[in-house]
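Asker:
Have a look at this one:
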């Protein structure tokens with residue numbers, strides 16, 4: 001990680017705080033209208049998807065219905081749920097958009113997400129051993145982890161994680177790896193498991209039982225469409241999230257270097273541990289503006305649609321302090337993620353040999 | 001909050017499964033609102049039918065609540081919510097109309113005076129137009145007319161007349177026979193709220209004695225004095241109702257107590273003007289955690305999270321530096337100062353981050 005002295009870190013903190021304060025002072029009707037418009041879009045797409053689905057025996061309608069429902073779930077999870085639960089819209093004082101009570105359309109409970117994501121991941125970002133989002137205790141993505149033979153098949157694990165992403169995220173708090181190591185008992189996890197079963201059951205009931213049953217004669221079509229919509233959402237959100245911290249230049253940190261860190265150091269870590277990707281407005285909306293992962297990680301509770309607006313200022317601050325502003329096209333960034341997953345599945349000697357080869361991409 | 005939870009439990013259960021929320025009916029609000037704002041389920045919508053000028057700084061808003069609203073008793077108040085610059089603001093006002101009017105034509109009225117620097121009252125005066133909708137809560141409050149026909153004394157000041165108007169109109173309609181006296185204190189004759197209505201009541205209803213006193217028309221302010229009470233016949237037997245600024249209420253309570261009127265025969269209701277919070281003021285104050293029924297006092301710039309933990313509560317928290325919102329919690333009343341920005345919150349109900357919120361005077365938090 002880039003080394004900065006205390007005075008430099010203080011200056012970084014002040015520079016970033018200035019950007020944040022400017023946005024905070026300007027929050028108002030424009031932001032409220034934005035998120036309400038997105039919520040309206042979500043409701044319209046979900047209604048459209050659910051209504052069209054029973055007519056899915058006509059192939060183009062099936063495609064349209066599945067796409068509408070899939071996109072509605074993506075928007076609800078990424079731009080509404082994730083961002084609302086960060087407290088980005090708490091200032092609106094609207095009970096439907098409040099961080100602590102919002103419950104989203106996915107298996108993971110809001111409470112579990114607020115703990116594992118908002119607190120653990122956003123506080124200990126990319127600190128190996130503390131940020132369990134780094135590889136999800138499933139993938140080896142840096143040489144901080146010792147290679148084991150099981151890692152050689154981790155690309156299959158990655159595919160499985162992406163396909164069943166909502167279930168993986170839902171079970172994240174179980175800390176299966178710590179249970180296996182005997183650090184926590186299953187009994188301690190019972191309250192969590194109860195919540196998981198209730199919410200997971202609710203989600204499965206809705207998409208795989210209720211809606212197929214109420215449209216009984218065409219139940220298989222509705223079931224297939226709903227599975228398809230969930231799959232589209234799983235693949236996309238997994239991909240976006242992997243692009244946020246596992247690209248080539250996204251750094252990792254040790255517990256020692258972060259002990260008793262200042263706010264300035266925390267800012268530096270957020271910037272160097274995250275990565276963006278470029279795209280059009282629609283891509284940014286569907287990614288919940290996590291395409292601006294760096295902006296999101298320094299200002300997780302600013303309304304996300306503001307990230308594109310402040311991106312230039314953040315870039316200027318990065319330039320001033322000599323911090324790499326890690327961005328690129330979606331294809332390039334995702335390519336480096338896949339390469340990281342593959343290369344760290346190899347033992348270190350093989351990996352070094354492979355990555356030492358001249359880049360062709 | 002302002003929503004109503006009813007409906008059959010099976011439907012409620014199904015809605016929860018499908019829409020992941022405790023108020024499933026509100027899931028479609030963003031669409032319904034576009035079609036007809038009166039169909040919104042999150043709160044009870046009320047349409048502004050008319051706006052009437054009372055005085056230079058007071059207006060009466062005639063509202064038509066959605067059918068599901070439960071109604072009210074004369075003298076009660078309601079919470080309303082309006083979105084001001086993207087922020088939902090909740091405030092409490094007395095209903096100034098009689099329940100009979102609501103039964104007749106489905107309308108109720110709020111008579112609202114501009115508070116100097118008041119965010120919501122000024123916004124309502126300047127921006128609220130007929131045809132718009134606002135959120136309305138169910139009526140509440142114990143400022144109610146007696147069941148038996150006792151002699152009554154009302155002492156009201158300024159906009160404190162609003163619940164009294166509702167009660168007087170109700171009493172007049174029932175042709176209440178015991179004597180009723182109203183001592184109404186206003187700044188000047190031009191500040192009399194609902195003057196026309198009050199004069200009409202006096203004309204058509206013999207039991208009413210009306211005494212309107214202008215406090216600021218002479219060289220020295222003319223406040224309530226013992227002599228005013230001498231003129232009230234049989235004052236010892238009267239049930240007393242007080243509504244107005246704190247100074248008037250305190251004075252009236254003292255004078256009535258001296259005359260041997262006991263507390264159980266005095267009813268009062270008032271809304272304090274929100275005080276402008278000064279950053280330089282000493283911080284801290286009485287903190288009430290309403291869900292746990294614990295009150296503690298705090299000093300200096302201790303944030304609510306520390307105060308709660310010192311009181312042996314264990315609120316959910318995360319980063320403790322204002323980032324993660326794990327500790328966000330509902331404040332039901334009082335003002336807090338944000339440690340990071342130095343900004344003061346509003347006085348009403350809103351969500352705050354406990355870890356960076358420092359009480360500024362008495363605060364109640366749902367914890």
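Residue numbers (full-length UniProt numbering), protein chains in the order written: chain V, 1 to 361; chain R, 1 to 367. Beta carbons: idealized from backbone N, C-alpha and C, even for Gly.
Can you tell me whether DSSP reads residue 164 of chain V as helix, strand or coil?
Answerer: As a first step, residue 164 of chain V is located in the first chain; it is residue number 164 there, counting from the start. Shown here, residue 164 of chain V sits in coil according to DSSP, grouped into three states, outside any helix or strand.
Asker: Name, in chain order, the residues that DSSP records as bridge partners for residue 266 of chain R.
Answerer: The residue given as residue 266 of chain R occupies position 266 in the second chain. R:240.
Asker: Taking only the alpha-carbon atoms, compute the straight-line gap between residue 221 of chain R and residue 256 of chain R and give it to the nearest angstrom.
Answerer: Looking up residue 221 of chain R in the second chain gives position 221. Looking up residue 256 of chain R in the second chain gives position 256. C-alpha separation (whole angstroms): 21 Å.
Asker: Between residue 37 of chain R and chain B, is the shortest Cβ-Cβ distance under 8 Å, so that the two count as touching?
Answerer: In the structure shown, chain B cannot be found, because the protein chains are V and R.
Asker: Between the region 284 to 315 of chain V and chain R, which residues of the former have CB atoms less than 7 Å from a CB of the latter, in chain order?
Answerer: So the list reads 300, 301, given in the order they occur along the chain.
Asker: Counting beta carbon pairs with one atom in the region 351 to 367 of chain R and one in the region 129 to 138 of chain V, are three or more of them shorter than 8 Å?
Answerer: In short, these stretches do not touch, since the Cβ pair count stays below three.
Asker: Given a threshold of 16 other Cβ atoms within 10 Å of its Cβ, counted over all protein chains shown, does residue 199 of chain R qualify as buried or as exposed?
Answerer: For the purposes of this step, residue 199 of chain R is identified with residue 199 of the second chain, where counting begins at 1. Residue 199 of chain R should be labelled exposed.
Asker: Name the one or two DSSP bridge partners that residue 289 of chain R has.
Answerer: If you number the second chain from 1, residue 289 of chain R lands on position 289. Paired residues: R:294, R:365.
Asker: Three Cβ pairs or more, each shorter than 8 Å: is that satisfied between the region 76 to 88 of chain V and the region 63 to 70 of chain R?
Answerer: no
Asker: Any Cβ of chain R within less than 8 Å of the Cβ of residue 26 of chain V?
Answerer: In the first chain, residue 26 of chain V corresponds to position 26, counting from 1. No, residue 26 of chain V lies away from the interface with chain R (no Cβ there is under 8 Å from its Cβ).
Asker: In whole angstroms, what separates the C-alpha of residue 1 of chain V from that of residue 235 of chain V?
Answerer: Along the first chain, read from residue 1 onward, the residue named residue 1 of chain V stands at position 1. Along the first chain, read from residue 1 onward, the residue named residue 235 of chain V stands at position 235. Spanning the two alpha carbons is a distance of roughly 31 Å.
Asker: How is the alpha helix (DSSP H) around residue 282 of chain V delimited, first residue to last?
Answerer: For this step, residue 282 of chain V is matched to residue 282 along the first chain. Start and end: 281 to 286.
Asker: Going along the chain, which residues of the region 90 to 118 of chain V sit with their C-beta nearer than 7 Å to a C-beta in chain R?
Answerer: 90, 91, 92, 93, 94, 95, 96, 98, 99, 100, 103, 104, 105, 114, 118
Asker: Tell me which same chain residues have a C-beta within less than 8 Å of the C-beta of residue 130 of chain R, skipping the five on either side of it?
Answerer: Taking the second chain and counting its residues from 1, the one referred to as residue 130 of chain R is at position 130. Only 48, 49, 50, 51 meet the Cβ criterion.
Asker: Do residue 145 of chain R and residue 234 of chain R have their C-beta atoms closer together than 8 Å?
Answerer: Locating residue 145 of chain R in the second chain gives position 145, where the first residue counts as 1. Locating residue 234 of chain R in the second chain gives position 234, where the first residue counts as 1. Contact flag unset, no.
Asker: Looking only at its own chain, which residues have a Cβ that is under 7 Å from the Cβ of residue 90 of chain V, when we skip the five neighbours before and after it?
Answerer: Indexing the first chain from 1 puts residue 90 of chain V at position 90. Excluding sequence neighbours, residue 90 of chain V sits near 98, 99.
Asker: Could you name the residues of the region 10 to 25 of chain R whose beta carbon sits closer than 9 Å to any beta carbon of chain V, in the order they occur along the chain?
Answerer: 14, 16, 17, 18, 19, 20, 21, 22, 23
Asker: Quick one: what does DSSP say residue 212 of chain R is sitting in, helix, strand or coil?
Answerer: The residue labelled residue 212 of chain R in the question sits at position 212 within the second chain. Strand.
Asker: Does the separation of the CB atoms of residue 272 of chain V and residue 323 of chain V fall below 8 Å?
Answerer: Position 272 of the first chain, counting from 1, holds the residue named residue 272 of chain V. Position 323 of the first chain, counting from 1, holds the residue named residue 323 of chain V. Cβ atoms of residue 272 of chain V and residue 323 of chain V: closer than 8 Å.
Asker: Report back the beta-carbon spacing between residue 215 of chain V and residue 222 of chain V to the nearest angstrom; my notes put them in contact at under 8 Å.
Answerer: Numbered from its first residue, the first chain carries residue 215 of chain V at position 215. Numbered from its first residue, the first chain carries residue 222 of chain V at position 222. That belief holds up - the Cβ atoms of residue 215 of chain V and residue 222 of chain V are roughly 5 Å apart, short of 8 Å.
Asker: Please report whether the beta-carbon of residue 206 of chain V lies at a distance below 8 Å from any beta-carbon of chain R.
Answerer: For the purposes of this step, residue 206 of chain V is taken as the residue at position 206 of the first chain. Interface residue, yes.
Asker: Which of helix, strand or coil does DSSP assign to residue 179 of chain R?
Answerer: The residue labelled residue 179 of chain R in the question sits at position 179 within the second chain. Residue state, collapsed to three classes: coil.
Asker: Quick check: what's the CA-CA separation for residue 267 of chain V versus residue 13 of chain V?
Answerer: Mapped onto the first chain, residue 267 of chain V falls at position 267. Mapped onto the first chain, residue 13 of chain V falls at position 13. Rounded to the nearest whole angstrom, the CA to CA distance from residue 267 of chain V to residue 13 of chain V is 7 Å.
Asker: Does the beta carbon of residue 87 of chain R sit closer than 8 Å to a beta carbon anywhere in chain V?
Answerer: Translated into the one-based positions of the second chain, residue 87 of chain R becomes position 87. Yes, residue 87 of chain R counts as interfacial toward chain V.
Asker: Please compile the residues from chain R whose C-beta is within a distance smaller than 8 Å of the C-beta of residue 36 of chain V.
Answerer: Counting from 1 along the first chain, the entry for residue 36 of chain V is found at position 36. The answer, in chain order, is 30.
Asker: Residues in the region 119 to 147 of chain V with C-beta within 7 Å of chain R's C-beta atoms, listed in sequence order?
Answerer: 119, 122, 123
Asker: Is residue 303 of chain R near residue 265 of chain R, with beta carbons less than 8 Å apart?
Answerer: To locate residue 303 of chain R, count along the second chain from 1; it is residue 303. To locate residue 265 of chain R, count along the second chain from 1; it is residue 265. Not a contact, by the Cβ cut-off of 8 Å.
Asker: For residue 228 of chain R, name the three-state secondary structure that DSSP assigns.
Answerer: Here the question's residue 228 of chain R lines up with position 228 in the second chain. Looking at residue 228 of chain R - three-state DSSP - the assignment turns out to be helix.
Asker: When DSSP labels each residue in this structure, what does residue 20 of chain R get in the three-state scheme?
Answerer: Here residue 20 of chain R refers to the residue found at position 20 of the second chain. In the three-state reduction of the DSSP assignment, residue 20 of chain R falls in the coil class, being assigned neither a helical nor a strand state.
Asker: Mind listing the chain R neighbours of residue 427 of chain V? Cutoff is C-beta to C-beta under 8 Å, in chain order.
Answerer: In the structure as shown, chain V starts at 1 and stops at 361, and residue 427 of chain V therefore has no counterpart that could be examined.
Asker: How far does the alpha helix (DSSP H) with residue 29 of chain R in it reach, from first residue to last?
Answerer: Sequence index remark: in the second chain, residue 29 of chain R carries index 29 (1-based). Note, residue 29 of chain R: alpha helix (DSSP H), 29 to 35.
Asker: From what residue to what residue does the beta strand (DSSP E) around residue 89 of chain V run?
Answerer: As a working note, residue 89 of chain V is residue 89 in the first chain. That residue, residue 89 of chain V, is in no beta strand (DSSP E); it is neither H nor E in DSSP.
Asker: Relative to the alpha-carbon of residue 247 of chain V, which residue among V:291, V:88, V:166 has its alpha-carbon at the smallest distance?
Answerer: Locating residue 247 of chain V in the first chain gives position 247, where the first residue counts as 1. Checking every option, the nearest Cα to that of residue 247 of chain V belongs to V:291.
Asker: Can you give me the Cβ contacts of residue 72 of chain V inside the same chain, cut-off strictly under 7 Å, excluding the 5 residues immediately before and after it?
Answerer: Working through the first chain from its first residue, we reach residue 72 of chain V at position 72. Result list for residue 72 of chain V: 42, 45, 46, 49, in chain order.
Asker: Work out the CA separation of residue 127 of chain R and residue 155 of chain V for me, nearest whole Å.
Answerer: The residue you call residue 155 of chain V lines up with position 155 of the first chain. The residue you call residue 127 of chain R lines up with position 127 of the second chain. Those two C-alpha atoms are separated by around 59 Å.
Asker: DSSP puts residue 360 of chain R in a beta bridge; with which residues?
Answerer: Against the second chain, residue 360 of chain R aligns to sequence position 360. Residue 360 of chain R is bridged to R:284, R:335.
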